[in-house]
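These protein sequence lines are chains R and C, in that order.
If you're matching positions, the first sequence starts at 0 in numbering that gives the first Met the number 0 and goes up one per residue.
If you're matching positions, the second sequence starts at 0 in numbering that gives the first Met the number 0 and goes up one per residue.
C-beta atoms are modelled at their ideal positions from N, C-alpha and C, and glycine is treated no differently.
One structure is given here, and the rest of the page talks about it.
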Amino acid sequence: MSELSELYQQVILDHNKKPRNFRKLETANRSAEGYNPLCGDQLNIYLQVEDDQLKDVSFEGSGCAISKASASMMTQAVKGKSKQEAELIFDEFHRMVTGRLNEEKEPNQLGRLTIFAGVRDFPVRVKCATLAWHTLHAALNNQPTISTEN
Amino acid sequence: MAAIVEELISIRPKPSDGWNVERIRKDFPVLRQTVNGKPLVYLDNAASSQVPVMVIERGAQYIEQEHSNIHRGVHYLSMRATTAYEGAREKVKRFINARDVKECIFVRGATEGVNLVMHGYGRKFIGEGDEIIISALEHHANIVPWQMLCEERGAKLRVIPMNDAGELLMDEYQALLNERTKFVAVTHVSNALGSVVPVRDVIESAHKYGAPVLIDGAQWAPHARIDVQDLDCDFYTFSGHKIFAPTGSGVVYGKADLLEKMNPFQGGGDMIKSVTFEKTIYADLPNKFEAGTPAIASQIGLGAAIDYLNIIGREKAAAYEHQLLSYATERISALEGVRIIGTAREKLGVLSFTIDGVHPHDIGTILDQQGIAVRAGHHCAQPVMKRFNLPATARASFAFYNTTEEIDQLINAIEKVIEVFV
Numbered sequence: 000m001s002e003l004s005e006l007y008q009q010v011i012l013d014h015n016k017k018p019r020n021f022r023k024l025e026t027a028n029r030s031a032e033g034y035n036p037l038c039g040d041q042l043n044i045y046l047q048v049e050d051d052q053l054k055d056v057s058f059e060g061s062g063c064a065i066s067k068a069s070a071s072m073m074t075q076a077v078k079g080k081s082k083q084e085a086e087l088i089f090d091e092f093h094r095m096v097t098g099r100l101n102e103e104k105e106p107n108q109l110g111r112l113t114i115f116a117g118v119r120d121f122p123v124r125v126k127c128a129t130l131a132w133h134t135l136h137a138a139l140n141n142q143p144t145i146s147t148e149n
Numbered sequence: 000m001a002a003i004v005e006e007l008i009s010i011r012p013k014p015s016d017g018w019n020v021e022r023i024r025k026d027f028p029v030l031r032q033t034v035n036g037k038p039l040v041y042l043d044n045a046a047s048s049q050v051p052v053m054v055i056e057r058g059a060q061y062i063e064q065e066h067s068n069i070h071r072g073v074h075y076l077s078m079r080a081t082t083a084y085e086g087a088r089e090k091v092k093r094f095i096n097a098r099d100v101k102e103c104i105f106v107r108g109a110t111e112g113v114n115l116v117m118h119g120y121g122r123k124f125i126g127e128g129d130e131i132i133i134s135a136l137e138h139h140a141n142i143v144p145w146q147m148l149c150e151e152r153g154a155k156l157r158v159i160p161m162n163d164a165g166e167l168l169m170d171e172y173q174a175l176l177n178e179r180t181k182f183v184a185v186t187h188v189s190n191a192l193g194s195v196v197p198v199r200d201v202i203e204s205a206h207k208y209g210a211p212v213l214i215d216g217a218q219w220a221p222h223a224r225i226d227v228q229d230l231d232c233d234f235y236t237f238s239g240h241k242i243f244a245p246t247g248s249g250v251v252y253g254k255a256d257l258l259e260k261m262n263p264f265q266g267g268g269d270m271i272k273s274v275t276f277e278k279t280i281y282a283d284l285p286n287k288f289e290a291g292t293p294a295i296a297s298q299i300g301l302g303a304a305i306d307y308l309n310i311i312g313r314e315k316a317a318a319y320e321h322q323l324l325s326y327a328t329e330r331i332s333a334l335e336g337v338r339i340i341g342t343a344r345e346k347l348g349v350l351s352f353t354i355d356g357v358h359p360h361d362i363g364t365i366l367d368q369q370g371i372a373v374r375a376g377h378h379c380a381q382p383v384m385k386r387f388n389l390p391a392t393a394r395a396s397f398a399f400y401n402t403t404e405e406i407d408q409l410i411n412a413i414e415k416v417i418e419v420f421v
């Protein structure tokens, strides 16, 4: 059960229960919808981007604990960052959950997001953890919708 | 609470009730393994059932000793392969009580069965303004092909609604039927909820309007007897891999007179009498619908799976499965915060449930860590999920090799989920 407690850490369960920035953002000037047709997870990311800065970030949607907690913690992690910085964290996050970045040995900007490192032991759950990030990427690049299966 | 559980455990069906499950389990090599350090508890039978040694050996025998193409060689191996393949068809005929082997078309599963009927019958006989009736319980495989047909032909798709228990509203069905009804396609058992559909009534009523009826028997076939003549259905389809045969096997039955006047499904070798650049004359049934080299080993395996079911006794297996489902239903109902989705009076094989505050995928992952395989998701039945306002459910589905101890393990694992999340 150790892998399991690695996956469902208290912080993740807390964000699942009480997601942060979980609302529609009235001041948003970018948004995108992310969808995982295999499991039905669906979320919307709202961004207020000014002069290349992510002034505000929020999300709405439904999904499993991993996808919800990941979205919640992502909004906290990228708020105030530049587009480039956000994309860099996405890249590091993606590499971490697919086992291509050792967050303990290699320098990175992940901070508290390393709590999702356990996802790498559950390959079928990688899409849950990255859905919000793919959707953020889509919003930053003006794609209205993304699907994990395209 | 503890007293209830004890009482429930005391009503557990026992092997002495006429079913030696431990002996049956020895027939299924896949069950002898551990997953994540725990003995595998396989409760995803509605997605695909496991294959007994007898079927594995029959498929291996074809590959080792008979492998060749059917219906075309004059040589020894081809004749043996053809005999085995057609022998499997003969077994299917008896399995479903068809009038004739030519009414039993081999397909790679129920999905292909529905598509064959949609292309062969639907595209020929259904036109603008016609109506096709399906039900709210359908798997995507019995929705999407008909939608495609409606879009192409300008026909209209009508849906029999269901109540909160997951039972079709038969009065509403009667109201949907009219002179424009040109086809009815319904499931025999819901894959997401387990509800049994009163298909006999569906068929009888449709026939009053002259509409042929297709029954999707994918979830019925593993559990109960099929008699296509008694039902008087026009088409019946099921998958081999849900009745203990390999993937790639399956059957669509059709009444001979309908199959005769239908268009072929795919064109190619084996489905013709003669070909010139000007005209092709199609083969007689059933070959008309079996273009190209089929999944020979799998279909021979389906024949062996039917033999296996006959040997172990289908009625006894069904009675035991019924006990398993009742036991699981009672035990899950006793858990606080757990809700059973689909409470039809008549159910087969499937138990869908949700846990308050926990997404089914998290249930699936935590159960898997304890060696328990269930399906978590929309079960390829998104309209059913929508009807219950759910994104997904967790689904345990049973076969005659499952045990009450496995159900106890499922209950313990669900309690573990609640412990992690609540």
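The residue among C:128, C:403, C:187 with its C-alpha nearest the C-alpha of residue 321 of chain C is C:403.
Residues of chain C with a Cβ closer than 7 angstroms to the Cβ of residue 121 of chain R are, in chain order, 364.
When rounded, the separation of the alpha-carbon atoms in residue 153 of chain C and residue 191 of chain C is 30 angstroms. The count of Cβ pairs closer than 8 angstroms, one atom from the region 322–330 of chain C and one from the region 367–374 of chain C, stays below three, leaving the stretches out of contact. With respect to the C-alpha of residue 81 of chain R, the residue from R:50, R:106, R:62, R:43 having the closest C-alpha is R:50.
By the neighbour-count criterion, in which 16 or more other beta carbons inside 10 Å mark a residue as buried, residue 345 of chain C falls on the exposed side.
Within a 10 Å sphere around the beta-carbon of residue 26 of chain C sit 16 or more other beta-carbons, which makes this residue buried. When CB distances to chain R are screened at a threshold of 7 angstroms, the residues of the region 376–404 of chain C falling below it are 376, 377, 390, 391, in chain order.
Distances from the alpha-carbon of residue 142 of chain R to those of R:7, R:25, R:33 put R:33 closest.
Here DSSP, grouped into helix, strand and coil, assigns residue 59 of chain R to strand.
Against residue 45 of chain R, chain C offers no close residue; the least beta-carbon distance is about 21 angstroms (beta-carbon pairs closer than 8 angstroms).
In the DSSP assignment, residue 272 of chain C falls within the unbroken beta strand (DSSP E) covering 271–274. Considered as a whole, the region 257–315 of chain C harbours 271–274, 279–281 as its complete beta strand (DSSP E) runs of no fewer than 3 residues, in chain order. In the three-state scheme derived from DSSP, where H, G and I count as helix and E and B as strand, residue 395 of chain C is classed as strand.
Per the coordinates, the alpha-carbon of residue 241 of chain C lies some 21 angstroms from the alpha-carbon of residue 352 of chain C. Between residue 323 of chain C and residue 406 of chain C the beta-carbon gap is near 7 angstroms, inside 8 angstroms, which marks them as a contact. Judged by DSSP secondary structure, residue 40 of chain R falls outside any alpha helix (DSSP H) and instead within the beta strand (DSSP E) spanning 40–49.
Per DSSP, residue 85 of chain R is one residue of the alpha helix (DSSP H) stretching across 82–96. Counting along the chain, the unbroken alpha helix (DSSP H) around residue 4 of chain R starts and ends at 1–6. DSSP places residue 130 of chain C in the uninterrupted beta strand (DSSP E) bounded by 130–134. Nearest to residue 81 of chain C by alpha-carbon distance, out of C:134, C:64, C:52, C:150, is C:64.
DSSP, reduced to helix, strand and coil, places residue 114 of chain R within a helical segment of the structure shown. Pairwise C-beta distances place the region 104–112 of chain C in contact with the region 221–238 of chain C, as three or more of them are shorter than 8 angstroms.
When 7 angstroms is used as the limit between beta carbons, residue 64 of chain R is near these residues of chain C: 358, 361, in chain order.
Ranked by how close their Cα comes to the Cα of residue 136 of chain C, the residues C:163, C:174, C:186 have C:186 in first place. The region 42–57 of chain R makes no contact with the region 1–8 of chain R, as fewer than three CB pairs between them are under 8 angstroms. By a beta-carbon distance limit of 8 angstroms, residue 313 of chain C contacts residue 224 of chain C. Their separation comes to about 6 angstroms.
Between residue 350 of chain C and residue 193 of chain C, the CB-CB gap stays under 8 angstroms. In terms of beta-carbon proximity, residue 2 of chain R lines the interface with chain C, with at least one pair separated by less than 8 angstroms. Only those residues of the region 99–120 of chain C whose C-beta falls short of 8 angstroms from the nearest C-beta of chain R would be listed, and there are none. At a cut-off of 8 angstroms between beta carbons, residue 420 of chain C contacts chain R.
If the five residues before and after residue 95 of chain C are omitted, its C-beta is found closer than 8 angstroms to the C-beta atoms of 103, 225, 226, 227, 235, 250, 252, all from its own chain and listed in chain order.
Across the structure, residue 117 of chain R and residue 96 of chain R are spaced so that their CA atoms are roughly 7 angstroms apart. From the beta-carbon of residue 34 of chain R, no residue of chain C is found nearer than 8 angstroms; the closest lies around 11 angstroms away.
Shortest Cα-Cα distance from residue 262 of chain C to any of C:245, C:248, C:285 involves C:285. Here residue 364 of chain C is buried, its C-beta having at least 16 other C-beta atoms within 10 Å.
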